Amino acid sequence: MAADAAEEIRGTARGTAPVPLSVLDLVTVGAGRTATEALRTGVDIARLAENRGFHRYWVAEHHSMPGVASSSPAVILAHLAAHTDRIRLGSGGVMLPNHAPLVIAEQFGTLEAMAPGRVDLGLGRAPGTDGATAAALRRTDRLNEGADDFPQQLAELIRFLDDDFPDGHPYGRIHAVPGPVQGTSPGGVQSTHRPPVWLLGSSGFSARLAGTLGLPFAFAHHFSAQNTVPALDLYRDSFRPSAVLDAPYALIGVSALATDDAREARRQVLAAALNMVRLRTGRPGLVPTPEEAEAYEFSPMEEEFTRSWNANVIHGTADEVRSGLDDLQKRTGADELMITANAHGGDVRLRSYELIADAYGLPAV
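In my numbering, the protein residues as written are 1 to 365.
In structure tokens form, the structure reads like this:
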């Protein structure tokens with residue numbers, strides 16, 4: 001995959017944005033709403049993002065969370081591929097230890113065949129859920145084993161994607177289909193191109209591994225803000241040029257919500273914080289309404305968590321959000337900002353991306 005890999009990875013800043021802007025969608029489901037509605041909102045956001053020049057749209061793998069309908073990224077991405085034409089689509093990410101590498105190679109090879117040249121494969125090593133659910137997914141209670149084996153699993157997955165196991169390897173005669181084997185077989189006309197691989201992380205492990213392998217890196221600033229700068233520094237210090245990239249490329253996930261009225265942004269952000277309070281205390285549910293959040297009696301510990309959580313959520317009017325995003329980019333040196341809008345209603349999330357696009361003067365494409 002050498003020639004065009006860096007072009008696919010490196011986006012173009014549009015309007016007055018300091019770097020390319022992208023979208024991370026958790027396909028959140030609010031109280032009184034359905035997963036069907038959330039998935040339809042995802043299509044609406046992807047279309048808006050495409051039409052306004054956002055670079056990519058990713059969905060994240062989560063499990064056993066009533067308020068998050070993105071347990072099957074590959075299925076959602078196939079649906080989005082049918083409703084978009086140009087925007088890059090990808091996983092932010094697929095949790096590699098939950099799956100056999102061959103299965104992921106087959107799924108994303110299929111997506112590449114559906115949307116040639118615009119699919120990203122972002123990989124994480126966390127389970128994307130609690131320990132019991134992870135055990136059910138992996139059919140084992142040895143959960144640390146999956147995380148510890150991540151580099152080996154990653155190497156195996158890339159071999160399947162490239163169809164280049166060495167002679168004598170036990171998997172040498174196994175091919176991920178759709179995939180490069182169809183282009184190298186007699187009479188084959190299928191492109192041998194495959195999706196670029198990204199490593200995701202919220203600490204230093206994946207940052208160092210991505211740098212060592214010369215891969216692009218995506219950091220989860222939206223839930224691990226205190227580690228952002230150290231992880232990006234580690235990634236850049238560890239970086240070794242590769243056939244994929246000749247220089248580091250790092251994006252950060254950013255929680256940001258723009259509304260027409262600053263008070264409404266505060267109400268929506270409070271509801272999203274209450275959702276996180278419940279998740280962190282073992283009570284996951286649908287995203288509450290702002291009215292429910294305003295009526296909720298937070299304990300002192302919950303109030304402290306909410307203050308800390310919302311300190312890293314950029315929210316307010318479009319101008320306030322633009323200023324916050326600009327400041328964050330300068331502070332971290334991120335090459336791309338991937339914005340996730342957490343709110344009760346899909347209409348609020350959709351409007352947020354529209355307002356941010358307007359604030360940066362992103363042109364209609």
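Just so you know, even glycine gets a beta-carbon here, dropped at the ideal spot from N, CA and C. Note that the coordinates shown come from a computational prediction; the quantities given were computed from them, not determined experimentally.
According to the DSSP assignment, Tyr296 belongs to no beta strand (DSSP E), since it is labelled neither H nor E.
Around the beta-carbon of Glu336, 16 or more other beta-carbon atoms lie within 10 Å, marking it buried.
Membership of His222 in any alpha helix (DSSP H) is not indicated, and neither H nor E is assigned to it by DSSP. Shown here, Tyr171 sits in coil according to DSSP, grouped into three states, outside any helix or strand.
In the structure shown, the three-state DSSP call for Glu336 is strand. Assigned with DSSP and collapsed to three states, Met95 falls in strand. Spatial neighbours of Phe54 in its own chain (CB-CB distance under 6 Å, excluding positions within 5 residues in sequence) are listed in chain order as Leu21, Ser22, Val23.
Straight through space, the alpha carbons of Val177 and Glu354 are spaced by roughly 38 Å. In this structure, the alpha-carbon of Ile252 lies about 10 Å from that of Thr340. Note that the stretch 292-308 does not touch the stretch 237-252; fewer than 3 beta-carbon pairs, one per stretch, sit closer than 8 Å. Annotated as distal: Ala60 and Gly11, with beta-carbon spacing of 9 Å or more.
In its chain, beyond the 5 residues on either side, Pro288, Ala293, Tyr296 have a beta carbon closer than 7 Å to the beta carbon of Leu274. Classified as exposed, Gln226 has fewer than 16 neighbouring CB atoms from the shown chains inside 10 Å of its CB.
Boundaries for Ile87: no alpha helix (DSSP H) harbours it, and the DSSP string shows neither H nor E there. Rounded to the nearest whole angstrom, the CA to CA distance from Gly346 to Arg47 is 14 Å. Just measuring C-alpha positions, the residue of Ile9, Ala5, Glu8, Val19 sitting nearest Leu362 is Val19. By the 16-neighbour rule on beta-carbons within 10 angstroms, Phe223 is exposed. If you look at Asp246, you'll find it isn't in any alpha helix (DSSP H); DSSP assigns it neither H nor E.
Relative to Pro300, the option among Val277, Asp44, Arg208 whose CA is nearest is Val277.
Looking only at Leu157, Ser70, Ser206, Ala115, the smallest Cα-Cα distance to Ile87 is reached by Ala115. Taken in chain order, the whole beta strand (DSSP E) runs of length 3 or more contained in the stretch 96-137 are 119-124. Counted as a single uninterrupted DSSP element, the beta strand (DSSP E) harbouring His315 occupies residues 314-316. In this structure, the alpha-carbon of Phe298 lies about 12 Å from that of Ala271. With 16 or more neighbouring CB atoms inside 10 Å of its own CB, Glu50 falls in the buried class. When only Cα atoms are considered, Trp198 and Thr259 end up about 31 Å apart. In the DSSP annotation of this structure, the continuous segment of the alpha helix (DSSP H) that includes Asp44 starts and ends at 35-51. Only buried fits Gly42, as 16 or more other CB atoms lie within 10 angstroms of its CB.
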